[in-house]
Amino acid sequence: MEINPAFQNIKRPNLAPKIPTVIIVGAGIAGLTLGMILERSKIPYAIYERTPRVKPLGSAMFFNATTAKLFKQCGIYDEMMSIAKLTPSINIANENREIEYTLDFSKAADMFGCSGYIVARPKLYELLLRQVPSEKIFFGKKILALQQGGNGALIRCSDGSCTEGDIIVGADGAYSAIRQNLYAQLKKEKKLPASDDVDLPFSTVCLVGQTRPLDHGIFPNLALEPCQFFRILGDNKPYSWTCFTTKQSTVCWMVIQYLDDESRQENDPFRNSEWGPEAANVMCDKVRNFPIISGSESPLTIGDLIDWTPRELISKVLLEEKVFDTWYNCRTVLIGDGQLTDPGVYTQSSTPFNPAGGSGANSAIHDAVALANRLQALPDQPSVKDIEKSFRLYKKERMPWVIESYNSSLIFKTMLEKNLKGKLMRYFSKNMPAWVARRMMIRMSIYQPQIYFLPLIEHHGSVPTARQQSLEDALKAEEKARKQAEKEAERVAKASKMVPATVDSDGHIFP
Numbered sequence: 015m016e017i018n019p020a021f022q023n024i025k026r027p028n029l030a031p032k033i034p035t036v037i038i039v040g041a042g043i044a045g046l047t048l049g050m051i052l053e054r055s056k057i058p059y060a061i062y063e064r065t066p067r068v069k070p071l072g073s074a075m076f077f078n079a080t081t082a083k084l085f086k087q088c089g090i091y092d093e094m095m096s097i098a099k100l101t102p103s104i105n106i107a108n109e110n111r112e113i114e115y116t117l118d119f120s121k122a123a124d125m126f127g128c129s130g131y132i133v134a135r136p137k138l139y140e141l142l143l144r145q146v147p148s149e150k151i152f153f154g155k156k157i158l159a160l161q162q163g164g165n166g167a168l169i170r171c172s173d174g175s176c177t178e179g180d181i182i183v184g185a186d187g188a189y190s191a192i193r194q195n196l197y198a199q200l201k202k203e204k205k206l207p208a209s210d211d212v213d214l215p216f217s218t219v220c221l222v223g224q225t226r227p228l229d230h231g232i233f234p235n236l237a238l239e240p241c242q243f244f245r246i247l248g249d250n251k252p253y254s255w256t257c258f259t260t261k262q263s264t265v266c267w268m269v270i271q272y273l274d275d276e277s278r279q280e281n282d283p284f285r286n287s288e289w290g291p292e293a294a295n296v297m298c299d300k301v302r303n304f305p306i307i308s309g310s311e312s313p314l315t316i317g318d319l320i321d322w323t324p325r326e327l328i329s330k331v332l333l334e335e336k337v338f339d340t341w342y343n344c345r346t347v348l349i350g351d352g353q354l355t356d357p358g359v360y361t362q363s364s365t366p367f368n369p370a371g372g373s374g375a376n377s378a379i380h381d382a383v384a385l386a387n388r389l390q391a392l393p394d395q396p397s398v399k400d401i402e403k404s405f406r407l408y409k410k411e412r413m414p415w416v417i418e419s420y421n422s423s424l425i426f427k428t429m430l431e432k433n434l435k436g437k438l439m440r441y442f443s444k445n446m447p448a449w450v451a452r453r454m455m456i457r458m459s460i461y462q463p464q465i466y467f468l469p470l471i472e473h474h475g476s477v478p479t480a481r482q483q484s485l486e487d488a489l490k491a492e493e494k495a496r497k498q499a500e501k502e503a504e505r506v507a508k509a510s511k512m513v514p515a516t517v518d519s520d521g522h523i524f525p
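Per our numbering, residue 15 is the first one in the sequence shown, and the count goes up by one each step.
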């Protein structure tokens with residue numbers, strides 16, 4: 015589909031006329047994070063979201079030191095902690111409500127400078143949404159197509175409107191309209207890798223919700239200061255389920271079903287359905303009797319949590335798992351689920367890593383940091399070559415961490431499966447040597463990216479952070495520019511001293 019035929023045969027200079035304008039498609043966690051960062055930069059931007067309003071869906075998210083410095087740079091860390099619960103451990107239990115083993119993260123603050131914590135997704139979303147001026151977010155803008163060329167880019171929306179910009183960022187989820195349009199163009203040009211021209215594989219279904227605020231007498235674990243995080247593995251059934259307490263006296267919960275060939279076919283018709291209660295009712299009935307740990311003498315179940323959750327806030331989603339190879343082309347780049355699908359931790363509407371690993375939201379935020387650093391470093395009139403170079407460096411920085419997060423997610427998923435591999439993984443986790451646990455914690459926590467053009471946050475952990483290439487490149491460029499400016503100043507000063515003074519006809523002395 016041609017949006018603007020003039021974009022097909024560009025005859026004008028291959029330069030943007032000003033600081034490049036960024037169009038962010040998708041107001042999920044990735045899109046809002048990028049908007050929050052760009053709001054603190056020199057870069058003009060706008061966010062376009064397909065839904066007419068944002069529904070407070072999802073359960074909760076786990077964050078740690080890997081995002082703390084960014085939140086501090088943006089001035090939202092203290093408010094984040096005011097709505098969060100510290101999470102020093104995760105308890106793995108069985109259907110008899112017996113804890114089999116505990117994953118201990120109590121030393122995280124000493125090692126990495128920040129403890130892990132749980133925050134309800136709706137609360138996180140509200141916080142991020144407030145960081146972006148309302149006049150820069152446009153809702154009800156479903157993207158039909160995009161066009162890009164040497165002189166700019168353009169998107170067309172279902173309401174008939176068109177928007178032009180210099181850079182398009184696809185942050186619109188696993189079924190990204192931007193990615194689909196980009197891939198269609200590349201496929202037509204025979205430039206799309208075969209590995210990216212396939213349906214998204216899915217192997218799990220996730221049911222999530224969050225109760226209304228509960229009385230602590232009904233759910234005693236709510237009265238405890240740290241988050242009470244329990245994950246139960248089903249006995250001889252393809253399910254695992256999790257519940258955790260929040261600062262708002264609610265209980266976030268999640269049920270995962272692991273699909274076989276038969277159940278995968280049953281769920282295939284819902285592959286492209288929106289999150290919402292319509293698809294969740296049948297699964298709610300199937301899982302009602304699953305036991306949970308609440309601290310109460312009365313045996314509670316998932317059914318109790320379902321009954322305490324507003325129906326419109328219960329949602330079901332298929333979880334796809336894939337890392338795409340194509341992240342960008344010309345003026346268009348993908349972040350979050352645009353370039354990988356992984357439903358992220360507990361769980362959000364815009365990231366498909368398996369939620370058992372808790373990587374999706376963090377990975378999307380890291381994408382936004384790395385891309386923002388590269389965009390800020392662009393010249394004021396970047397050519398397509400300049401833009402693609404920045405995209406290439408962004409992908410080079412992020413791809414190793416994305417793959418590692420993806421593989422980590424698969425490991426956590428395997429641990430929850432009811433087969434030999436799952437049993438071996440659970441045995442290893444339960445009997446893991448201390449040095450192995452420490453090494454795993456380090457790999458999961460040392461990537462702590464920062465925005466180079468905001469005041470940097472000092473590291474307080476005993477374990478050094480990993481390298482961040484976009485930050486290093488920017489600091490080197492700034493140092494080089496500073497030295498060049500000093501040399502130029504010295505040259506001018508020296509030249510002014512060497513030129514003899516001259517007196518004009520009015521008696522004024524000048525060099």
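Where is the CB? At the ideal position from N, CA and C, for every residue including glycine.
Nearest to residue i by CA position, among the options, is which residue?
i           : options               : result
residue 303 : 392, 321 and 470      : 321
residue 253 : 221, 508 and 505      : 221
residue 229 : 263, 209 and 447      : 263
residue 453 : 423, 119 and 403      : 119
residue 226 : 219, 261 and 247      : 261
residue 106 : 296, 439 and 462      : 439
residue 219 : 171, 124 and 272      : 272
residue 490 : 479, 444, 466 and 507 : 466
residue 568 : 379, 448 and 404      : Lying before the first or after the last residue shown, residue 568 is absent from the chain, which here runs from 15 to 525.
residue 96  : 49, 189 and 239       : 239
residue 68  : 51, 140 and 32        : 140
residue 437 : 150, 147, 250 and 311 : 250
residue 316 : 78, 301 and 325       : 301
Distance check for residue j and residue i, CA to CA, integer angstroms please.
i           : j           : result
residue 377 : residue 459 : 12 Å
residue 383 : residue 396 : 20 Å
residue 202 : residue 493 : 44 Å
residue 233 : residue 131 : 20 Å
residue 344 : residue 196 : 10 Å
residue 331 : residue 488 : 40 Å
residue 162 : residue 468 : 31 Å
residue 511 : residue 394 : 35 Å
residue 64  : residue 496 : 44 Å
residue 398 : residue 294 : 45 Å
residue 41  : residue 457 : 30 Å
residue 101 : residue 473 : 21 Å
residue 83  : residue 103 : 22 Å
residue 144 : residue 129 : 25 Å
residue 506 : residue 166 : 40 Å
residue 81  : residue 48  : 13 Å
residue 347 : residue 53  : 19 Å
residue 265 : residue 299 : 19 Å
residue 358 : residue 183 : Confidence at residue 358 is low in this model, with a pLDDT of 35, below 50, so the placement of that residue should be treated as unreliable; the coordinate-derived value is given next. Near 20 Å, if we compare the C-alpha coordinates of residue 183 and residue 358.
residue 464 : residue 142 : 17 Å
residue 350 : residue 269 : 23 Å
residue 213 : residue 109 : 35 Å
residue 255 : residue 121 : 26 Å
Going by DSSP, what residues sit across from residue i in a beta bridge?
i           : result
residue 322 : Paired residues: none, contrary to the question.
residue 345 : Per DSSP, none; premise fails for residue 345.
residue 329 : 222
residue 170 : 159 and 176
residue 398 : Residue 398 pairs with nothing; no bridge assigned.
residue 479 : DSSP lists no partner for residue 479.
residue 266 : 224 and 258
residue 99  : 132
residue 77  : 131
Which residues in the same chain have their Cβ closer than 6 Å to the Cβ of residue i, if we skip the five residues on either side of it in sequence?
i           : result
residue 169 : 157, 160 and 177
residue 58  : 35
residue 45  : 38, 61 and 185
residue 309 : 234 and 235
residue 447 : none
residue 390 : 55 and 467
For a test of your reading of the model: does the CB of residue i fall under 6 Å from any non-hydrogen atom of the ligand GDP? Yes or no.
i           : result
residue 499 : The model on display carries no ligand, and the ligand GDP is accordingly not part of it.
Here's a check: name, in chain order, each residue in its chain whose Cβ is nearer than 8 Å to the Cβ of residue i, leaving out the five neighbours to either side.
i           : result
residue 10  : Summary: the structure shown does not reach residue 10, with the chain confined to residues 15 through 525, and so no result is reported for it.
residue 410 : 483
residue 509 : none
residue 231 : none
Please list, in chain order, all residues of the same chain as residue i whose beta carbon is under 7 Å from its beta carbon, the five residues on each side excluded.
i           : result
residue 135 : 72, 73, 74, 75 and 362
residue 98  : 131, 132, 133 and 261
residue 388 : 404, 407, 408 and 484
Q. Does the segment 152-167 come close enough to the segment 111-126 to have 3 or more Cβ pairs within less than 8 Å?
A. no
Q. Contact between the segment 493-513 and the segment 87-97: three or more CB pairs below 8 Å?
A. no
Q.
Measuring CB atoms only, is the segment 203-210 touching the segment 244-259, in the sense that at least three cross pairs come out at less than 8 Å?
A. Counting Cβ pairs under 8 Å, fewer than three are found: no touch.
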